[in-house]
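Residue 272 in my numbering sits at position 120 of the sequence shown, and the numbers go up by one each step. Beta carbons are placed, not taken as given, at the ideal position from N, Cα and C, and that holds for glycine.
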Amino acid sequence: MKWNVPAKTFLLGEYAALEGGSALVLTTKPCFELTLVDEPIIKGIDPASPAGRYWLSLPPVAQGLSWHDPYDGIGGLGASSAQFLAVYLADCHLHNHHPNRKALLERYFQFAWDGKGIKPSGYDVLAQEQQQCVFINRQRSETRNYPWPFGELGFILVHSSNKLPTHQHLQSFQLQFSTERLSRLADQGCMAFEQANDTLLVNAVNACQQQLEALHLVAPESVKAIAALKSNEGVVAAKGCGALGADVILLLVEKRRLSGLRNELLAQECNVLATNVDLYIGEHLVESSRIKTRI
153 MKWNVPAKTF
163 LLGEYAALEG
173 GSALVLTTKP
183 CFELTLVDEP
193 IIKGIDPASP
203 AGRYWLSLPP
213 VAQGLSWHDP
223 YDGIGGLGAS
233 SAQFLAVYLA
243 DCHLHNHHPN
253 RKALLERYFQ
263 FAWDGKGIKP
273 SGYDVLAQEQ
283 QQCVFINRQR
293 SETRNYPWPF
303 GELGFILVHS
313 SNKLPTHQHL
323 QSFQLQFSTE
333 RLSRLADQGC
343 MAFEQANDTL
353 LVNAVNACQQ
363 QLEALHLVAP
373 ESVKAIAALK
383 SNEGVVAAKG
393 CGALGADVIL
403 LLVEKRRLSG
413 LRNELLAQEC
423 NVLATNVDLY
433 IGEHLVESSR
443 IKTRI
């Protein structure tokens, strides 16, 4: 038995998510893979990680787990949450439980948060059990899925070569500001998807990056990298994604320049992770695909 879980990148709303506000998450290929094997081992999963502790808390079974990370542990793409989601699915499979989001989140918070610092949002595991572009607002008990609808706009994800584990960031982080504007910008992004409005999305992403910088929520190295990448022809918006925008940089790019810029970045030895062509399309892993579901 094997489970494929997509990578995730916050397009908008990573800090609004901490208060249950609005966020948009991209899910992309290649996928992480968890394989159920016929010997009681854990390969590729740290026993001290949330997924490792969850697995080891279960009644012993004859099978074990083998984990494959196509990104070689570079960080910023949701490997830890993907591991947890896959282990949850393996647990459900072995014990004949029907997967559901409520139980998934309860398990996730049990093992991913020790009560120190800010509680993780859980939006990563919620997004990674779905597909394409995922809108989430837990305050409104709402999730939606969208294809990439923009006629003249694409995206490129570039790794910064830095790594900031989100759980470490949240342990020392204090939410001393309102996330309302960041949540509204994610709502604006959602409206852009609904209307297939390129300009609305570009404005939301640029405004979000400006707001994050004003709140000192972007690592200095990322600020410099974002400015440099945004100077490329055809780049109309750029944003650091995730904790302090430290790991992954999102570029919104005119489609006419998408292939050329990707090749130019590769020639400059940038680590290009994905484009809109690599959006993950597949069955939902926990619940059947619906446009709007309650969580």
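May I ask you to list the residues that DSSP assigns as paired with residue i?
i	result
Ser209	Partner(s): none; Ser209 has no beta bridge.
Phe236	Phe236 is not bridged to any residue.
Asn156	Glu185
Leu176	Leu164 and Phe287
Ile194	Leu217
If distances are taken between C-alpha atoms only, which option among the options comes closest to residue i?
i	options	result
Glu406	Ala398, Cys360, Tyr223 and Asp350	Asp350
Tyr193	Tyr206, Gln215, Pro182 and Leu186	With the sequence shown as reference, residue 193 is identified as Ile, and Tyr is not the correct amino acid for it. Comparing Cα positions, the closest option is Gln215.
Leu217	Ile378, Lys195 and Pro251	Lys195
Pro529	Gly341, Val286, Asn248 and His311	With the chain covering only 153 through 447, there is no way to say anything about residue 529.
Gly341	His245, Asn297 and Asp190	Asn297
Thr137	Gln420, Ala419 and Ser411	Since the first residue of the chain shown is 153 and the last is 447, residue 137 is not available in this structure.
Phe263	Gln361, Lys154 and Ser201	Ser201
Lys391	Gln420, Ile308 and Leu246	Ile308
Pro372	Gly397, Ala169 and Lys382	Gly397
Met343	Leu176, Tyr167, Pro158 and Gly172	Leu176
His436	Pro199, Thr179 and His220	Thr179
Asn355	Leu417, Asp339 and Asp276	Asp339
Ala231	His245, His250, Pro212 and Gly204	Gly204
Val387	Gly267, Asn358, His368 and Gly227	Asn358
Leu327	Gly269, Gln280, Pro301 and Gln347	Gly269
Gly173	Ala348, Thr331, Asp221 and Gln283	Thr331
Gly448	Arg408, Val438, Ala419 and Leu164	Here the chain covers residues 153 to 447 and nothing more, so residue 448 does not appear.
Val429	Pro251, Ser335, Leu237 and Leu305	Leu305
Ala348	Pro301, Leu367 and Lys382	Pro301
Leu367	Phe329, Pro251 and Ala379	Phe329
Gln283	Ile226, Lys181 and Gly228	Lys181
Gly227	Asn314, Leu241, His250 and His249	Asn314
Starting from residue i and walking both ways along the beta strand (DSSP E), at which residues does that stretch end?
i	result
Phe329	Counting along the chain, Phe329 falls outside any beta strand (DSSP E), and DSSP gives it neither H nor E.
His220	Gly216 to His220
Closer than 8 Å by C-beta to residue i: which residues in its own chain qualify, once you throw out the five before and the five after it? Chain order, please.
i	result
Asn156	Cys183, Phe184, Glu185 and Gly434
Ile447	Note that Ile447 scores 44 on pLDDT, short of 50, meaning its location in the model is unreliable and no value can be drawn from it.
Ile443	Confidence at Ile443 is low in this model, with a pLDDT of 41, below 50, so the placement of that residue is unreliable and no value is reported for it.
Arg448	Nothing about residue 448 can be read from this structure; the chain reaches only from 153 to 447.
His245	Met153 and Leu188
Keeping to the same chain, check which residues put their C-beta closer than 6 Å to that of residue i; ignore five residues upstream and five downstream.
i	result
Gly274	Leu257 and Tyr260
Cys393	Thr161, Phe162, Val400 and Leu402
Thr187	Lys154 and Ser218
Cys422	Val310
Ala169	Ala175, Ser273 and Tyr275
Ala238	Trp155, Val157 and Leu186
Trp207	Val239
His220	Glu185
Ser441	Because Ser441 sits at a pLDDT of 39, beneath the cut-off of 50, its placement in the model cannot be relied upon, and the following sentence gives the value as read from the coordinates. Taken in chain order, the list of residues that qualify is empty.
Ala448	One cannot answer for residue 448 here, as it falls past the ends of the chain, which runs 153 to 447.
Leu425	Leu309 and His311
Thr445	Bear in mind that a pLDDT of 43 at Thr445, under 50, signals an unreliable position, so the number given afterwards is only what the model happens to contain. Correct list, in chain order: Thr295.
Leu417	Val424
Give me, in chain order, the residues of the same chain whose beta-carbon lies closer than 7 Å to that of residue i; leave out the 5 immediate sequence neighbours on both sides.
i	result
Val375	Glu365
Ala377	Ser312 and Ile401
Ala389	Val354, Val357, Asn358 and Leu404
Asn198	Before going on, a small fix: residue 198 reads as Asp here, not Asn. Excluding sequence neighbours, Asp198 sits near Gly204.
Leu210	Asp243
Gly165	Gly173, Ser174, Ala175, Leu176, Leu334, Ser335 and Ala338
Check your understanding: Taking the runs of the alpha helix (DSSP H) that are 4 residues or longer, which of them lie wholly in the region 364-433?
Key -> Counting whole runs of 4 or more residues, the region 364-433 contains the alpha helix (DSSP H) stretches 372-382 and 407-419.
Point to revise | beta strand (DSSP E) runs contained entirely in the region 258-313, provided each spans 3 or more residues | key: 285-289, 294-298 and 305-311
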